[in-house]
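Chains as they are written, first to last, in the numbering used here: chain A, 339 to 818; chain B, 305 to 530.
Don't be surprised by glycine CBs; every beta carbon is placed ideally from N, CA and C.
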């Protein structure tokens, strides 16, 4: 009688305790813990695939007195993405933090972060979500500052303060909802909520706080320095998973708590901010001097695309068209998760080998690091949205939705964003390939290059070709 | 920043606070009475403790508390990752040293009392742990570089003990077939006391170690009996 939802949180938590208590065997325990965590997370996804949604009540009291864990198609899809990306990052980290003091600090914080991520994706209680946000934010900040350099510490101190402001604002919204409706359970609150000043204020406070954490334009100012100055595996997890978790929470609240009170104007505003993020983020990525800064700005743009779905979801009535939009949104989020993690890991290899990551001086990277360059190119395919990547299908459905709901102006934004993305990716690749061909060896350090390559390959090929599985997981009909 | 800008921000913040207060008032007006408080009191006999706050923390929403303990651990690991602790103060003078040698045992004793009393009155692991932590703060202020804590190896084990016991109790009840962190009837009180005792030690050590402000320095007496 095992509760896979509770295991998905406790297994990484116990792994964190083990690597804290036994620093002598941190590397071995880290690998075992990562594999175990990935397995229990995928177990949840498999069970959702088989039975639809899952729910469990830790403590056995049940809502509203107790709290609950819940997994549906949306959380199961993101949980599986997090498991695979985090497993690849763990393997990369064994090569990246091979020795020294830093790996003693990396592993405990890393497992706590993974535990927080799983707990956030599975939480069905508004206050429990606040606790997971705090754990996620603290561990992300500590990991981001792991290099100990002045810029990294400064950027992450700012990230810490911004994150605290974000979670406090979220908590204010939770307090209002509890005061008015007397429950913290997501489903019960969603059923009780009525339009009015309280619900609107809670919507604004919670969305605002989470938008700060998800770096939605114009609240993104903290992200580029924090993500660009972290160690490579940490940048990958921050961009691919941590930002995505805050975005997931906005989506969850808008669908399940505020579903009945969201107005077209509110959704339109979020779409507008998304559009601004797509253009501003892509433009700054094109102008970036460093590869990791480029990747960080591209994250802004990708979060922007996800926001574009809100006005379309709002305008589309329940039915297959809305299901398609929702699945496309998840597909884009997952594709970006894999692509950005692959890109950051590969950028870390380039930085390690060249001693810097200035884009203009990357000449010959394709010769020295063919596997890493190939990973960057594959990840770029997904970031631009070329077929057969998952984001190609995502953007296609996004544009179809925009035409069907008569909101054609979003298409212009998507086209401009795609053009700029193509430009910034080709700018990197043209530099990397500018020396004579014939690389000596494709793979130079397997433990770090293979995870990057696999992540990028998943984003560019597997997700696009296997997209129908996602529709099945989320309980929707298959794409027409 | 110039004065008018500061004034403007202050005014806007006041306005925001007023709007929030008005909304909060509206929320209280449309409230469904006692919210969850009645339900929490009614379920108290089933929880194994007589203090509703302890019941919320360790029974109704025990899973929240488990993650809260993880937050504390994350904070300490974050502090440790930033480097070694600064050396402490010089050894205290006779008067301070005498006071510390009186107050620290009293703090530990009071912590134990608060831990026990949490079963039926205000108290519990967090309050008791805070007292233990403050004993560590006093020791450090009086010149003990390590705030009265043992070696780094031992500290690492002590700070994870609370979460470890908590999570293992949860897994134990899950394997026994009654569900994660669901205490079997009759066992509740003792399981809660077990979790709270381990949590008290971990919280106390975590707070004292966090006050030291960095990774513990190794010192010559490590390994030798103190």
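By alpha-carbon distance to residue 420 of chain A, the top candidate from A/700, A/593, A/576 and A/666 is A/576. Judged by DSSP in its simplified three-state form, residue 733 of chain A adopts helix.
Pairing residue 340 of chain B with residue 510 of chain A gives a Cβ-Cβ distance that is not under 9 angstroms. Using a CB distance cut-off of 9 angstroms, residue 443 of chain A counts as an interface residue toward chain B. Contact annotation: in the region 472-488 of chain A, residues whose CB is within less than 9 angstroms of a CB in chain B are 472, 473, 476, 477, 479, 480, 481, 483, 484 and 486. Interface criterion not met: the Cβ of residue 456 of chain A is under 9 angstroms from no Cβ in chain B.
Using a Cβ-Cβ cut-off of 9 angstroms, residue 494 of chain B does not count as an interface residue toward chain A, since no Cβ of chain A sits closer than that to its own. For residue 384 of chain B, the residues of chain A that pass the 8 angstroms Cβ criterion are 443, in the order they occur in the chain. Residue pairing from DSSP leaves residue 426 of chain A without any beta-bridge partner. By the Cβ test, the region 668-681 of chain A is in contact with the region 780-799 of chain A, since at least three Cβ pairs between them sit closer than 8 angstroms. Residues of chain A with a Cβ closer than 8 angstroms to the Cβ of residue 372 of chain B are, in chain order, 469. Closest by C-alpha distance to residue 699 of chain A, out of A/690, A/723, A/769 and A/642, is A/769. Taking the Cα positions, residue 456 of chain B is about 31 angstroms away from residue 574 of chain A. In the DSSP assignment, residue 408 of chain A falls within the beta strand (DSSP E) that extends over 407-409. For residue 394 of chain A, the enclosing beta strand (DSSP E) begins and ends at 392-394.
Per DSSP, the continuous alpha helix (DSSP H) segment holding residue 341 of chain B begins and ends at 341-346.
Each of A/364, A/502 and A/416 was checked against the Cα of residue 437 of chain A, and the nearest Cα belongs to A/364. Among the residues of chain B, none has a CB under 7 angstroms from the CB of residue 366 of chain A; the nearest is roughly 17 angstroms distant.
Neighbours of residue 461 of chain B in chain A, taken as residues at a C-beta separation under 7 angstroms, are given in chain order as 359. Looking only at A/416, A/781, A/794 and A/515, the smallest Cα-Cα distance to residue 707 of chain A is reached by A/781.
Its chain contains 414, 810 and 811 as the residues whose beta carbon lies nearer than 8 angstroms to that of residue 387 of chain A, once the 5 sequence neighbours on both sides are disregarded; these appear in chain order. Cβ contact annotation for residue 384 of chain B (same chain, cutoff 6 angstroms, sequence separation greater than five): 519, in chain order. When secondary structure is reduced to three states using DSSP, residue 666 of chain A falls in the helix class. Residue contact check for residue 467 of chain B against chain A: a CB pair falls below 9 angstroms.
The alpha carbon of residue 357 of chain A has as its nearest neighbour, out of A/395, A/342 and A/445, the alpha carbon of A/445. By the CB criterion at 9 angstroms, residue 721 of chain A and residue 640 of chain A fall inside the cutoff.
The beta carbon of residue 756 of chain A sits no closer than 9 angstroms to any beta carbon of chain B.
For residue 786 of chain A and residue 600 of chain A, the gap between their C-alpha atoms comes out near 45 angstroms. Beta-carbon to beta-carbon, residue 509 of chain B and residue 463 of chain B are separated by about 5 angstroms, close enough to satisfy the 8 angstroms threshold. Of all alpha-carbon atoms in A/378, A/412, A/355 and A/468, the one lying nearest the alpha-carbon of residue 380 of chain B is that of A/355.
CA-CA distance, residue 422 of chain A to residue 764 of chain A, rounds to 27 angstroms. Taking 9 angstroms as the threshold, the shortest C-beta distance from residue 423 of chain B to chain A does not fall below it. Taking 9 angstroms as the cut-off between beta carbons, none of the residues of the region 727-746 of chain A comes near chain B. In this structure, residue 566 of chain A places its C-beta atom within 9 angstroms of the C-beta atom of residue 631 of chain A. For residue 479 of chain B against residue 502 of chain B, the beta-carbon gap comes to about 19 angstroms, at or over 8 angstroms, which does not count as contact.
With a contact defined as Cβ atoms closer than 8 angstroms, residue 654 of chain A and residue 743 of chain A qualify at about 6 angstroms.
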